[in-house]
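First up is the structure itself, then whatever we jot down about it.
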Amino acid sequence: MTVTVLDSRQIMPRVFQDGAYKLAMGLNRLELDDWLWCTEHYAAEIAHKRHLLDQGADIVAELPEAAPAVAETLALIEAHLARFAPQLLPGATAPPLIRAGLLVQEDLCLMAPSTDGYRLVAAFLAFPARWRLADKIGQPMRAIHTPVPGFAERLGATADRFFGAIAVERPVWRANWSILDDPELHQPEAKRRYQRIEVTPENAGERLWLRVERQTLRRLPETGMVLFTIHTFVRPLADIAADPRAAQALADRLDEMPAAMLAYKNMAGLKPAVQAYLRGQV
555 MTVTVLDSRQ IMPRVFQDGA YKLAMGLNRL ELDDWLWCTE HYAAEIAHKR
605 HLLDQGADIV AELPEAAPAV AETLALIEAH LARFAPQLLP GATAPPLIRA
655 GLLVQEDLCL MAPSTDGYRL VAAFLAFPAR WRLADKIGQP MRAIHTPVPG
705 FAERLGATAD RFFGAIAVER PVWRANWSIL DDPELHQPEA KRRYQRIEVT
755 PENAGERLWL RVERQTLRRL PETGMVLFTI HTFVRPLADI AADPRAAQAL
805 ADRLDEMPAA MLAYKNMAGL KPAVQAYLRG QV
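Under the numbering used here, the first residue of the sequence shown carries the number 555, and numbering increases by one thereafter.
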């Protein structure tokens, strides 16, 4: 059996084309055969993860109570790869969470039920988007999402109920997006200054990137914890704008996004130049 390598340009979710912006979970049914994705960036991203580990980056955390779920996660990943990509199963020895994280492009987060809702009890998080694992490990979901405008009021209770109701046989996926000035996958700082470049309608396509996270959620059948995976895509804005429909949709979503969310995503200052650029491609 040969590995099926997916084209990231074709499979990247384009949720910004799915209608008007709204703060919602945006859940979709997930077929388990489609759980983990191997793209043309597999080798580079696994190497990037290894480099971060070698440099001592804060990308792995595990509370003692998570050990059984970590072992179950590794077994599920190995079983999935044995079916779809057996060549990706090396005989490496390492702690289970590190082994799991180095087998797939996705980042891995384990959420466990508690009196405060579901808590983050383990993670291999090589490619965070403006959050640090050390700040979030052990925290319940509402605390993790405190910086997100409107989450507590509009989604907190809904998210808690959903996590409690996820069925083993009904995994789901969702996606989100942002526009950044840096294509680096590993961006743990919550607030970072834009590089000292002037973004204009003339250069936005080359100087900015669209970052999309495809997230899956499934309940582990043995331990009952929820496994949350994150596959990150980064594309030059010019690639997106090459499709006039995508360019128009992305410009429209920026119009619809509340000011607080634009500020949270660090996109408020970029909005005028980005919209002018995108609408100039239509």
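Where a beta carbon is used, it is the ideal one built from N, C-alpha and C, also for glycine.
Kindly indicate the opening and closing residues of the beta strand (DSSP E) around residue 653.
Along the sequence shown, one-based indexing puts residue 653 at 99. Here residue 653 belongs to no beta strand (DSSP E); instead the alpha helix (DSSP H) covers 650-655.
From the DSSP output, in three-state form, read off residue 627 for me.
Residue numbering aside, residue 627 sits at position 73 when the sequence shown is read from its first letter. Three-state result, residue 627: helix.
From residue 661 to residue 808, what does the alpha carbon distance come to, in whole angstroms?
The residue labelled residue 661 in the question sits at position 107 within the sequence shown. The residue labelled residue 808 in the question sits at position 254 within the sequence shown. Between residue 661 and residue 808, the C-alpha separation is close to 27 Å.
To the nearest angstrom, how far is it from the Cα of residue 758 to the Cα of residue 818?
Within the sequence shown, numbered from 1, the residue matching residue 758 stands at position 204. Within the sequence shown, numbered from 1, the residue matching residue 818 stands at position 264. One C-alpha to the other measures close to 20 Å.
Applying the criterion that 16 or more other CB atoms from any shown protein chain within 10 Å of the CB defines a buried residue, is residue 823 buried or exposed?
As a working mapping, residue 823 is identified with position 269 in the sequence shown. Classification of residue 823: exposed, given that the 10 Å Cβ count is below 16.
Residue 811 classed as buried or exposed, judged by whether at least 16 other C-beta atoms fall within 10 angstroms:
Working through the sequence shown from its first residue, we reach residue 811 at position 257. Buried, since its Cβ has 16 or more Cβ neighbours within 10 Å.
Can you tell me whether residue 674 is buried or exposed? The criterion is at least 16 other CB atoms within 10 Å of its CB, across all chains shown.
For the purposes of this step, residue 674 is taken as the residue at position 120 of the sequence shown. The residue in question, residue 674, is buried, as its Cβ has 16 or more Cβ neighbours within 10 Å.
Extent of the continuous beta strand (DSSP E) to which residue 670 belongs
Position 116 of the sequence shown, counting from 1, holds the residue named residue 670. From DSSP, residue 670 is part of no beta strand (DSSP E); its letter is neither H nor E.
Exposed or buried, residue 765, counting other C-beta atoms within 10 Å across all chains shown (16 or more means buried)?
The residue labelled residue 765 in the question sits at position 211 within the sequence shown. Flag for residue 765 reads buried.
Pairing CB atoms from the segment 669-686 with CB atoms from the segment 604-620, are three or more of them under 8 Å?
yes
Between the Cα of residue 770 and the Cα atoms of 582, 836, 649, 604, which residue gives the shortest distance?
Walking along the sequence shown from the start, residue 770 turns up at place 216. When each option's Cα is compared against that of residue 770, the closest is 582.
Residue 607 to residue 814, Cα distance in whole Å?
Looking up residue 607 in the sequence shown gives position 53. Looking up residue 814 in the sequence shown gives position 260. Cα to Cα, residue 607 sits roughly 34 Å from residue 814.
At the level of alpha carbons, what is the spacing between residue 683 and residue 736?
Indexing the sequence shown from 1 puts residue 683 at position 129. Indexing the sequence shown from 1 puts residue 736 at position 182. Taking the straight line from one Cα to the other gives about 11 Å.
Helix or strand or just coil, what does DSSP make of residue 793?
The count along the sequence shown starts at 1 and reaches residue 793 at position 239. Helix, per DSSP.
Go ahead and label residue 565 buried or exposed: buried means 16 or more other beta carbons lie within 10 angstroms of its beta carbon, across all protein chains shown.
Residue mapping note: residue 565 aligns to position 11 of the sequence shown, counting from 1. Residue 565 comes out exposed.
How close, in whole Å, do the beta carbons of residue 712 and residue 638 come, if the pair is a contact with beta carbons under 8 Å?
Residue 712 sits at position 158 when you count from the first residue of the sequence shown. Residue 638 sits at position 84 when you count from the first residue of the sequence shown. With 8 Å as the limit, residue 712 and residue 638 do not qualify as a contact, their Cβ atoms being about 33 Å apart.
List the endpoints of the continuous alpha helix (DSSP H) containing residue 828.
Translated into the one-based positions of the sequence shown, residue 828 becomes position 274. Residue 828 -> alpha helix (DSSP H) spans 825-833.
Between which two residues does the alpha helix (DSSP H) holding residue 616 run?
Position 62 of the sequence shown, counted from the first residue, corresponds to residue 616. From DSSP, residue 616 is part of no alpha helix (DSSP H) but of the beta strand (DSSP E) over 614-616.
Endpoints, alpha helix (DSSP H) assigned at residue 800
Reading the sequence shown from its first residue, position 246 is the one you call residue 800. Residues 798-810.
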